[in-house]
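These notes concern the structure reproduced below.
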Amino acid sequence: AQSVTQLGSHVSVSEGALVLLRCNYSSSVPPYLFWYVQYPNQGLQLLLKYTSAATLVKGINGFEAEFKKSETSFHLTKPSAHMSDAAEYFCAVSEGSGGSNYKLTFGKGTLLTVNP
Amino acid sequence: NAGVTQTPKFRVLKTGQSMTLLCAQDMNHEYMYWYRQDPGMGLRLIHYSVGEGTTAKGEVPDGYNVSRLKKQNFLLGLESAAPSQTSVYFCASSYSGGRARYEQYFGPGTRLTVT
Chain D
3 AQSVTQLGSH VSVSEGALVL LRCNYSSSVP PYLFWYVQYP NQGLQLLLKY
53 TSAATLVKGI NGFEAEFKKS ETSFHLTKPS AHMSDAAEYF CAVSEGSGGS
103 NYKLTFGKGT LLTVNP
Chain X
67 NAGVTQTPKF RVLKTGQSMT LLCAQDMNHE YMYWYRQDPG MGLRLIHYSV
117 GEGTTAKGEV PDGYNVSRLK KQNFLLGLES AAPSQTSVYF CASSYSGGRA
167 RYEQYFGPGT RLTVT
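First to last, the protein sequences are chains D and X. Using the numbering used here, the letters of the first sequence map in sequence onto residues 3 to 118. Using the numbering used here, the letters of the second sequence map in sequence onto residues 67 to 181.
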């Protein structure tokens, strides 16, 4: 069974500072990994995904994430935070093409606050 | 395209009442999902469907039933609501082929309060 751990339920950064949101996963087969963003009172929107191609994945709004198999990590970064980045971010894992389980398992989320 | 829509957006129920949440998608997706979101718990899968007429249990199915009579609709029912079912409910859908089936599209959510 797969699982996701997001370190830090709340991260606060200043506008213009680096954003780093941590995600570690466990999976018995090569995983597919995702980051979703949820703005207040809205549904989830896909930010980026890793599906066994390039290990450095670029997403929308300047975010990127790197798949590191040796560390079982998929951390989300953005060089310079903007006020509009304030939202909750969810990491999710699926078993990928090697497994029959296409369902997603979500982490508990990290709330990002951006201070002016 | 409207994408994934959910009805209603808000609802307050008394303990023991029943209700149905409707999810509709216009993207011709085969797969559909119902999740609940609770503070500090992330999203948990309630039930899912891989096609019209088929449904399966997810991680937290107790107290809920679902139906997928039409490909574009996925209904979530609460037969006898309990305060523990107070939550925000999200519907999602995805394609069935290749890597696209892993990319889920979410609706805006239904906020349910059971008193």
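Glycine included, each C-beta is placed from N, C-alpha and C at the ideal position. Please read these numbers as outputs of a predicted model, since none were measured by experiment.
Let me see if you follow: with CB-CB separation under 8 Å, is Q170/X close to chain D or not?
yes
With DSSP as the reference, label M98/X as helix, strand or coil.
strand
Quick check: is the beta carbon of T74/D nearer than 8 Å to any beta carbon in chain X?
no
Start and end of the beta strand (DSSP E) containing G163/X?
G163/X -> no beta strand (DSSP E), and no H or E assigned at all.
Here's the rule I'm using: 16 or more other beta-carbon atoms within 10 Å means buried, otherwise exposed. How should K70/D be labelled?
exposed
Between the CA atoms of H12/D and K51/D - distance to the nearest angstrom:
22 Å
Could you work out which residues of chain X lie near Q44/D, taking near to mean beta carbons separated by less than 8 Å?
P174, G175
Could you confirm whether any beta carbon from chain C is found closer than 8 Å to the beta carbon of K60/D?
No chain C is present in this structure, whose protein chains are D and X.
Specify, as a first and last residue, the run of the beta strand (DSSP E) that E90/D falls within.
89 to 96
Note down the Cα distance separating L113/D from A122/X, rounded to an integer number of angstroms.
31 Å
Residue from I62/D, G45/D, L106/D whose Cα sits closest to the Cα of T79/D:
I62/D
Which residues in chain X have a C-beta closer than 8 Å to the C-beta of Y91/D? List them in chain order.
Those do not exist, as Y91/D stays about 11 Å from chain X at its closest Cβ, beyond 8 Å.
Residues that L144/X contacts on chain D, provided the C-beta gap is smaller than 7 Å
Within 7 Å Cβ-Cβ: nothing; L144/X doesn't reach chain D, min ~20 Å.
Could I get the ranges of all uninterrupted beta strand (DSSP E) runs contained in the segment 93 to 162 of chain X, with 3 residues as the minimum, in chain order?
97 to 104, 108 to 117, 120 to 123, 131 to 133, 139 to 144, 153 to 160
Counting only the same chain and skipping the five closest in sequence on each side, list residues whose C-beta sits under 8 Å from that of V15/D.
V21, A83, L114, T115, V116, N117
Residues near Q40/D in its chain [Cβ-Cβ closer than 8 Å; skip 5 each side]
L46, Q47, A89, E90, Y91, F92, G111
Using a Cβ-Cβ cut-off of 7 Å (strictly less than) and excluding sequence neighbours within five positions of G101/D, which residues of its own chain qualify?
With a pLDDT of 48 at G101/D, under the threshold of 50, the modelled position of that residue is not reliable, and no figure is offered here.
For G101/D, decide whether its Cβ has a neighbour in chain X, counting only Cβ atoms nearer than 8 Å.
For G101/D, the predicted model reports a pLDDT of 48, less than 50, meaning its position is unreliable; a value from the coordinates is still stated below. It does not; no Cβ of chain X falls within 8 Å.
Compare the beta carbon distance of T53/D and Y38/D with 8 Å and say whether it is the shorter of the two.
no
Whose CA, out of R110/X, E96/X, L87/X, lies closest to the CA of G164/X?
E96/X
Reducing DSSP to helix, strand and coil, say where E68/D ends up.
strand
I want to verify the contact list: residues of chain X whose CB lies under 8 Å from the CB of S28/D, in sequence order.
Chain X residues near S28/D: none, gap ~15 Å exceeds 8 Å.
Might you give, ordered along the chain, the residues of its own chain that have their beta carbon closer than 6 Å to the beta carbon of G143/X, omitting 5 neighbours on each side?
T86, N131
Complete runs of the beta strand (DSSP E) confined to the segment 7 to 55 of chain D [at least 3 residues]:
12 to 16, 21 to 28, 34 to 40, 46 to 52
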